[in-house]
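Step one of this worksheet: look at the structure below.
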Amino acid sequence: MLFYTATNGAKLFEDPTWPHGQVEGWFGRDTNNMGVDKLAHAYSSYVIAELLHHRLRRKTGEAPGIQYTAAALAFGAMAYTEFWDSIESSGGWSWEDVTFNALGAGFSALRNSVPGLDEKLDYRLMIQPQEGRYRLSGKKHFEAQWHFFALKLAGFEGLRETPLRYLELDLGYRAEDFTNPDREAGIRPKRHVFVGVSLNFSEIVRRFAGGNRYGRAAASALEYIQPPYTMLSTNITE
């Protein structure tokens, strides 16, 4: 909460308004970011819940229900950031954002409730550099994001000791050509549901460098972040 207060506190001095709402839409071509921003909310909520679950598991020794506690705390933290958006004159409380915050936290709770699901399925983000560089904000920032579920073959008993354990099957969403210059030029925004095959870098690191805490930390991080250009994919929608 202190982090979110520190990063959002300046909004109190930038022409704040009384808390208000706004309708942002979902994945339509007429929305600002084609729904990628909604998936970014889900991903943030999911990662926060996962971090909290990991922490609670270490502190409590697998106490029952910690996955639900972690999900609730993550949802609360994201709702707190949404409050700060609600006092911006150019923003507002978005129920669409809140919905995807709940979905992200809920998926973490599900993943940590169903035995073996965390070994089989990840929600992951891959960021492809735009024009050779990364952007931290704006539409190009969202255009670079590939959100996807990775089905990890290493999580299946019959494949665990075969070379296929280093592969994953992916299903995700991304969008492009929705920047303001693109729209002004008459370029039609594109929404892509994609399927792909990627390398399971978490499994690779765990197998070959997981003997120390740095290797284990890297393997854990790679369950949430996919290195760029490491997926063969095809779009199934345009």
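Numbers given in the numbering used here equal positions in the sequence shown, counted from 1, plus 921. C-beta: ideal position from N, C-alpha, C; glycine also.
Query: The beta strand (DSSP E) enclosing residue 1095, as first and last residue numbers; Result: 1088-1097
Query: Contained beta strand (DSSP E) runs [length at least 3] in the segment 1016-1041, N- to C-terminal order; Result: none
Query: Environment of residue 1090 [buried if 16+ CB atoms lie within 10 Å]; Result: exposed
Query: DSSP bridge partner residues for residue 1072 (one or two, in chain order); Result: 1042, 1090
Query: Through-space distance from residue 995 to residue 973, alpha-carbon basis; Result: 8 Å
Query: Candidates 1032, 1116, 1087, of which the one nearest residue 1069 by Cα; Result: 1116
Query: Stretch-stretch touch, CB-based, cutoff 8 Å, three pairs: the segment 1042-1049 with the segment 973-983; Result: no
Query: Residue burial classification, residue 1159 (beta-carbon count within 10 angstroms, cutoff 16); Result: exposed
Query: Contact under 8 Å by Cβ, residue 1124 with residue 1075; Result: yes
Query: Outcome for residue 1112 when other beta-carbon atoms lying within 10 angstroms are tallied against a minimum of 16; Result: buried
Query: Limits of the unbroken alpha helix (DSSP H) element including residue 960; Result: 957-981
Query: Beta carbon of residue 966 nearer than 8 Å to that of residue 1025; Result: yes
Query: Contacting residues, own chain, Cβ-Cβ under 8 Å from residue 930 (five flanking each side not counted); Result: Here residue 930 scores only 49 on pLDDT, less than 50, and its place in the model should not be relied on; the value that follows carries that caveat. Closer than 8 Å at Cβ, skipping near neighbours: no residue.
Query: As assigned by DSSP and simplified to three states, the class of residue 988; Result: helix
Query: contact_flag[the segment 1139-1151, the segment 1097-1110] where n(CB pairs < 8 Å) is 3 or more; Result: no
Query: Helix, strand or coil at residue 1002 [DSSP, three-state]; Result: helix
Query: Sequence-distant residues of the same chain with beta carbon closer than 8 Å to residue 1126, five excluded per side; Result: 1136, 1139, 1140, 1143
Query: Span of the beta strand (DSSP E) around residue 1115; Result: 1111-1120
Query: Check whether residue 993 and residue 1022 have beta carbons under 8 Å apart; Result: no
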